[in-house]
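> Quick note: the sequence shown uses our numbering, first residue 656, plus one each step.
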Amino acid sequence: MILTTTQSVEGHNIKEYRGLVFGEVISGVNAFKDIAASWRNLVGGRTNAYEGELNKARSQAIQEMVNMAGQYGANAIVGVKIDYETLGDGGSMLMVTASGTGVIID
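1) Kindly give me the distance between the Cβ atoms of Ile732 and Val751, rounded to whole angstroms, as I take these residues to be in contact under 8 Å.
2) To the nearest angstrom, how far is it from the Cα of Glu706 to the Cα of Met656?
3) Buried or exposed for Leu749, going by 16 or more other Cβ atoms inside 10 Å?
4) Sorted by chain position, which residues of the same chain lie with C-beta nearer than 6 Å to Ala753's C-beta, five sequence neighbours on each side aside?
5) DSSP has Thr756 in a bridge; who is on the other side?
6) For a test of the three-state rule: what should DSSP assign to Val664, helix, strand or coil?
7) On the DSSP bridge assignment, give the partners of Thr659 in chain order.
Take a look at the structure:
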């Protein structure tokens with residue numbers, strides 16, 4: 656499956672639009688990661704615990720979007736966009752949404 660943020664795939668023609676495709680993941684960060692992130696916030700630097708959760712949630716959202724496109728018979732997704740939101744008390748949950756348009760290219 657070809658994924659692109661552009662509205663076309665260089666070197667290919669879009670033969671058919673199959674529809675909007677998306678993947679959504681809501682991930683909670685546990686208390687231990689919150690404590691580690693709090694310490695890191697005090698001393699500075701990167702928070703590997705949160706970065707790991709973010710990377711995992713993004714990968715899962717993209718995979719869900721790809722699966723949906725496959726169900727629609729698409730072989731590429733154009734106009735891919737990834738959004739991030741925090742939810743819950745104090746932003747304790749992370750929502751990642753990946754969306755695009757499933758297409759058939761030659």
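No residue lacks a Cβ here, since even glycine has one placed at the ideal position from N, Cα and C.
Inspection of the coordinates gives the following:
1) Not quite, the Cβ-Cβ distance comes to about 16 Å (not below 8 Å), so this is no contact.
2) Answer to the nearest angstrom: the Cα atoms are 26 Å apart.
3) In the assembly as shown, Leu749 is a buried residue. Its beta-carbon has 16 or more other beta-carbons within 10 Å.
4) Residues of the same chain with a CB within less than 6 Å of the CB of Ala753, apart from the 5 flanking positions on each side, are Gly678, Ala716, Ile717, Met720 and Ile737 in chain order.
5) Per DSSP, Leu675 and Val733.
6) In the three-state scheme derived from DSSP, where H, G and I count as helix and E and B as strand, Val664 is classed as coil.
7) In the DSSP output, where bridge partners are listed per residue, Thr659 has none listed.
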